[in-house]
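Numbering (this note's numbering), first residue to last: 83 to 377.
Working notes, structure below.
Now the structure itself:
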């Protein structure tokens, strides 16, 4: 087999796991007593699973922050127009936040379980820095922010982290970063041409680098390095996957204005119905009474 297929998200998280400072250094863990290689491999596998889950938590938090940048009215509107799946909302993909004040509308501060203590109401930030436009072929802004934040975290853990200067702002930046890491093994990633839009489960193929040189490691060794099944399994099972995140606007309670309007309508319509009832009573024949029931 000369190639392996996986999803965009699984490959990105597998690479982020492979370059984690605790994984990338090809040395044994410092234990007070020597351990067999099998135990080191087992410990490394558990560490990979832990990092993979932490990466998914980080991606979920990035989506959380993007949703928290919308006011309650914006979230209700997008849920009504685009459906409850948050990842399908164009405003979430673009990461632009609420623009209600910019068009002269009052903004309702975010509330509910999506609101956290460290979240700022982006509805009130009219001077927020502009973001580059996000097209259908580009990954969501919160996914790019997730990758960039992960690299920044790794750089703070290891001063010699080789990818600290990687800017992840556009899809081209993300592809260049993935290619740079895979090139160290003599391989590269190729997206399927049939995919028009960027989706989390879009298929990519890992193939030998087109430079013509023999790959540094075999494909079997590369699969051991990336350990893609771990990420495929976690992404498929976890409820934190972005495509599984939904938002349902709460049912608003009756407002004072609405109740007052209903009350006024009842007062206005009651005389009209009374007059209509009296008119019909004079036009329709009255039922005859039976002697046993009449006085």
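C-beta: ideal position from N, C-alpha, C; glycine also.
Check your understanding: When DSSP labels each residue in this structure, what does residue 288 get in the three-state scheme?
Key -> On the chain shown, residue 288 is found 206 positions in, with the first residue counted as 1. Residue state for residue 288 is assigned as strand, using DSSP reduced to three classes.
ask   = In the structure shown, what three-state DSSP assignment does residue 78 receive?
value = An answer regarding residue 78 cannot be provided, because it is not within the stretch 83 to 377 covered by the chain.
| Where residue 131 falls: helix, strand or coil (DSSP) | In the chain shown, the residue the question calls residue 131 occupies position 49. If DSSP states are grouped into helix, strand and coil, residue 131 belongs with the helices.
When we look at the beta-carbon of residue 330 and count the other beta-carbons within 10 Å, is it buried (16 or more) or exposed? Along the chain shown, read from residue 1 onward, the residue named residue 330 stands at position 248. Counting Cβ neighbours within 10 Å, residue 330 comes out exposed, since fewer than 16 surround it.
Please state if the CB of residue 138 and the CB of residue 250 are separated by a distance shorter than 9 Å.
For the purposes of this step, residue 250 is taken as residue 168 along the chain shown, with counting starting at 1. For the purposes of this step, residue 138 is taken as residue 56 along the chain shown, with counting starting at 1. No; because the gap between Cβ atoms is not below 9 Å, this pair is not in contact.
Requested in this report: Tell me whether residue 173 sits in a helix, a strand or coil according to DSSP, three-state version.
Outcome: In the chain shown, residue 173 corresponds to position 91, counting from 1. It is helical.
*Inspect the beta-carbon positions of residue 297 and residue 267 and report whether they are closer than 9 Å.*
Numbered from 1 along the chain shown, position 215 holds the residue referred to as residue 297. Numbered from 1 along the chain shown, position 185 holds the residue referred to as residue 267. Yes, they are a contact pair.
- Going by the CB atoms, is the gap between residue 149 and residue 163 shorter than 9 Å? One-based indexing of the chain shown puts residue 163 at position 81. One-based indexing of the chain shown puts residue 149 at position 67. Not a contact, by the Cβ cut-off of 9 Å.
**Report entry** Beta-carbon contacts of residue 171 that lie in its chain and below 7 Å, excluding the five residues immediately before and after
**Finding:** Here residue 171 is taken as the residue at index 89 of the chain shown, counted from 1. Correct list, in chain order: 160 and 164.
*What separation, rounded to the nearest whole angstrom, lies between the Cα atoms of residue 263 and residue 97?*
Position 181 of the chain shown, counted from the start, is the residue given in the question as residue 263. Position 15 of the chain shown, counted from the start, is the residue given in the question as residue 97. If I take the Cα positions, the gap works out to 7 Å.
Comparing C-alpha positions only, which one of 239, 235, 281 and 308 sits nearest to residue 270? In the chain shown, counting from the first residue as 1, residue 270 sits at position 188. When each option's Cα is compared against that of residue 270, the closest is 308.
Contacting residues, own chain, Cβ-Cβ under 6 Å from residue 274 (five flanking each side not counted): Counting from 1 along the chain shown, the entry for residue 274 is found at position 192. Beyond the five residues adjoining it in sequence on each side, residue 274 comes within less than 6 Å, by CB distance, of 285 in the same chain, given in chain order.
* Residue environment, residue 128, which counts as buried when at least 16 other CB atoms sit within 10 Å -> Along the chain shown, one-based indexing puts residue 128 at 46. By the 10 Å Cβ count, residue 128 comes out exposed.
Next item on the list: Decide if residue 247 is buried, meaning its Cβ has at least 16 other Cβ atoms within 10 Å, or exposed.
Entry: Mapped onto the chain shown, residue 247 falls at position 165. So residue 247 counts as exposed.
* Answer yes if the segment 178-187 comes into contact with the segment 130-145, meaning at least three C-beta pairs across the two stretches below 8 Å, and no otherwise. => Touching, no, given that fewer than three Cβ pairs across the two stretches are closer than 8 Å.
How close, in whole Å, do the beta carbons of residue 304 and residue 288 come, if the pair is a contact with beta carbons under 8 Å?
Start at 1 with the first residue of the chain shown, and residue 304 comes out as number 222. Start at 1 with the first residue of the chain shown, and residue 288 comes out as number 206. About 7 Å separates the beta carbons of residue 304 and residue 288, which is inside the 8 Å limit, making them a contact pair.
Mind reading off the beta-carbon distance from residue 145 to residue 224? Whole number of angstroms is fine, and I expect it under 8 Å. Numbered from its first residue, the chain shown carries residue 145 at position 63. Numbered from its first residue, the chain shown carries residue 224 at position 142. The Cβ separation is near 5 Å, so the contact holds.
Taking buried to mean at least 16 other C-beta atoms within 10 Å of its own C-beta, is residue 254 buried or exposed? Within the chain shown, residue 254 is the residue found at index 172, counting from 1. It counts as exposed.
Exercise. Residue 280 bridges to which residues according to DSSP?
Worked result: Taking the first residue of the chain shown as 1, we reach residue 280 at position 198. Residue 280 pairs with nothing; no bridge assigned.
Practice item. Consult DSSP for residue 300 and reduce its assignment to one of helix, strand or coil. Key: Taking the chain shown and counting its residues from 1, the one referred to as residue 300 is at position 218. Of the three classes helix, strand and coil, the one that applies to residue 300 here is coil, per DSSP.
**Prompt:** With DSSP run on the structure shown, which of helix, strand or coil describes residue 87?
**Reply:** On the chain shown, residue 87 is found 5 positions in, with the first residue counted as 1. Strand, per DSSP.
Q | N-terminal and C-terminal residue of the alpha helix (DSSP H) that residue 270 is part of | A | Stepping through the chain shown from its first residue, residue 270 is reached at position 188. That residue, residue 270, is in no alpha helix (DSSP H); its beta strand (DSSP E) goes 269-273.
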